[in-house]
Every structure is written in structure tokens, then in C-alpha cells.
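Reviewing the structure listed below.
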Amino acid sequence: VILTLLKVLSEECLKRKIAITGGETSIHNNLNGLEIGITMSGFIKKQRINKFKKGDVLIGIKSNGLHSNGFTKIKEIFGKEFRPEFVRPTYIYSETILSLDEQFNLHGMMHITGGAYMKLKDLLGKEDIRIEREHKLLPQKIFREIYEKGVSDEEMYKTFNCGIGFILSISPREAKRVILKLNNDGFKADIIGEVTLGTGKIKIESAFSKKELEF
Numbered sequence: 125v126i127l128t129l130l131k132v133l134s135e136e137c138l139k140r141k142i143a144i145t146g147g148e149t150s151i152h153n154n155l156n157g158l159e160i161g162i163t164m165s166g167f168i169k170k171q172r173i174n175k176f177k178k179g180d181v182l183i184g185i186k187s188n189g190l191h192s193n194g195f196t197k198i199k200e201i202f203g204k205e206f207r208p209e210f211v212r213p214t215y216i217y218s219e220t221i222l223s224l225d226e227q228f229n230l231h232g233m234m235h236i237t238g239g240a241y242m243k244l245k246d247l248l249g250k251e252d253i254r255i256e257r258e259h260k261l262l263p264q265k266i267f268r269e270i271y272e273k274g275v276s277d278e279e280m281y282k283t284f285n286c287g288i289g290f291i292l293s294i295s296p297r298e299a300k301r302v303i304l305k306l307n308n309d310g311f312k313a314d315i316i317g318e319v320t321l322g323t324g325k326i327k328i329e330s331a332f333s334k335k336e337l338e339f
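Structural data, given as C-alpha cells:
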């Protein structure tokens, strides 16, 4: 199993021009199975700022389900129950995003993973963002099941991607062409909100209840 995992990892890293520079074996006394942790580092040009800009629209790119986060809550809710959704591979957006960045002026971008929508605060200064519920990227069935188990709207958006795996901030003038490019690359995308002048708040209209959330 370990050799197979390392082989696949190596192939994926080669495909995406990522160097595997080291590794270690960590010994624990409280694990019941195999656990693999990976840390990545990258470099960006200093003058390049990843930031949402007032007047931009937000483009969401659909996830294919849970992706790789929220599994502490999943175990709490489902216990030892196995579901195919729990092992569905995470969408990898990097190639498409890099291609978009060469063709368009992307102001900001965020992968909706650990911390879910709370990570968007890192890209806000005096801007607010608002995410509407009237778009094509609705949460998959598994998220609705989790919500119906008693998880609050707030916790859903703090923990899970809720159907959106990646968010871009871009001028409205370029939005249609960006969405067309994403669709042509096999991803479902739509305008999900906007960036306005504010105080660094995230405002979300919940897709589960229409409740207005503010973080």
C-alpha cells in the first residue's frame, strides 16, 4: 500500500512540477491505521498581491463533494459508517488556475479547504464580500445530509466547502470569458457574489436555509 501511494504521489508531483525534497517517518502510539501528512512550500513574486478588489465579482468553481476537509465532524456524525463520498478524490484546480492567470487579470483567489470560507478574511482589507445563494453551484447531497443532522448554518460554512471548491475575484468585464474557459476545461463555474466597500466582513446567504450569515 505504501509503495503504491508513493508511486502515485510521485507521478502527481512530476505532472505538476513539484519537487519532493524530503520526508520522515513519525511514530505514534494512538493510530489505528496509516496516516500520511504532506506540507508544501512555494514562492511568489513579492510585488504580486493576492487580494479581493472592490467592484470585483466572485466566481466560484464547483467542488465534487467533501474534498479533503471537515472529516473530524464527519466522524463525529457518521461514526464508522462508510460512504463513497468520503473517499472521492479532491478536484485539483492548479493547471486551470495557472492558465487563467496567464490570460486574465485575476485579483484574488482562494482554495476553499481547511477553515472553509473563513480563509477569505485573509484577502480582505476595507472590503466586504457577499456570497449569494442564487447561482448554479448548489451544495451536493452529502452537505444537506450533514446539515439535517443538526449542524448549524454557521458551522457548515466554517467547516465545509458546501459545493464550491475555489473562488476567484475578477473584474466584471472579464467574468464571462473566465467562466467559459473554466467550463471548457471541465469545471462548472458561476458568479456567486461580489466585493464591496466595507470593514473586512464575509456575508453569506446560506444555501441551506436562506439565513443571512456574517463573519
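In the numbering used here, the protein residues as written are 125 to 339. Don't be surprised by glycine CBs; every beta carbon is placed ideally from N, CA and C.
Between the beta-carbon of M234 and the beta-carbon of K243, is there less than 7 Å?
-> Residue 234 sits at position 110 when you count from the first residue of the sequence shown. Residue 243 sits at position 119 when you count from the first residue of the sequence shown. Taking 7 Å as the Cβ cut-off, M234 and K243 qualify as a contacting pair.
When you compare only the Cα positions, how much space is there between L306 and I183?
-> Counting from 1 along the sequence shown, the entry for residue 306 is found at position 182. Counting from 1 along the sequence shown, the entry for residue 183 is found at position 59. So the alpha carbons of these two residues sit roughly 10 Å apart.
Check each candidate in L129, I201, I315 and L261 and name the one with the smallest Cα separation from I294.
-> On the sequence shown, position 170 is the one that residue 294 refers to. Of L129, I201, I315 and L261, the residue nearest in Cα terms is I315.
Compute the distance between the beta-carbons of T283 and A331, then report whether it is under 7 Å.
-> Reading the sequence shown from its first residue, position 159 is the one you call residue 283. Reading the sequence shown from its first residue, position 207 is the one you call residue 331. Not closer than 7 Å, so no.
At which residues does the alpha helix (DSSP H) containing S218 begin and terminate?
-> Counting from one through the sequence shown, the residue named residue 218 turns up at place 94. From DSSP, the alpha helix (DSSP H) with S218 extends over S218 to Q227.
Is I316 helix, strand or coil by DSSP?
-> Residue numbering aside, residue 316 sits at position 192 when the sequence shown is read from its first letter. In this structure, I316 counts as strand in the three-state DSSP scheme.
Are the beta-carbon atoms belonging to I126 and C137 less than 7 Å from one another?
-> Within the sequence shown, residue 126 is the residue found at index 2, counting from 1. Within the sequence shown, residue 137 is the residue found at index 13, counting from 1. The answer is no: Cβ separation not under 7 Å.
What do you get for K186, buried or exposed, if any count of 16 or more other CB atoms within 10 angstroms of its CB means buried?
-> Within the sequence shown, numbered from 1, the residue matching residue 186 stands at position 62. Classification of K186: buried, given that the 10 Å Cβ count is 16 or more.
Three-pair Cβ contact test at 8 Å for the segment 217-236 versus the segment 285-293 | yes
Assigned exposure category for T220 - 16 Cβ within 10 Å defines buried = Residue mapping note: residue 220 aligns to position 96 of the sequence shown, counting from 1. Under this definition T220 is a buried residue.
Given a threshold of 16 other Cβ atoms within 10 Å of its Cβ, counted over all protein chains shown, does D246 qualify as buried or as exposed?
-> Translated into positions along the sequence shown, residue 246 becomes position 122. Exposed, by the Cβ-count rule.
Counting pairs of beta carbons, one from the segment 317-334 and one from the segment 271-287, are three or more of them closer than 8 Å?
-> In short, these stretches touch, since the Cβ pair count reaches three.
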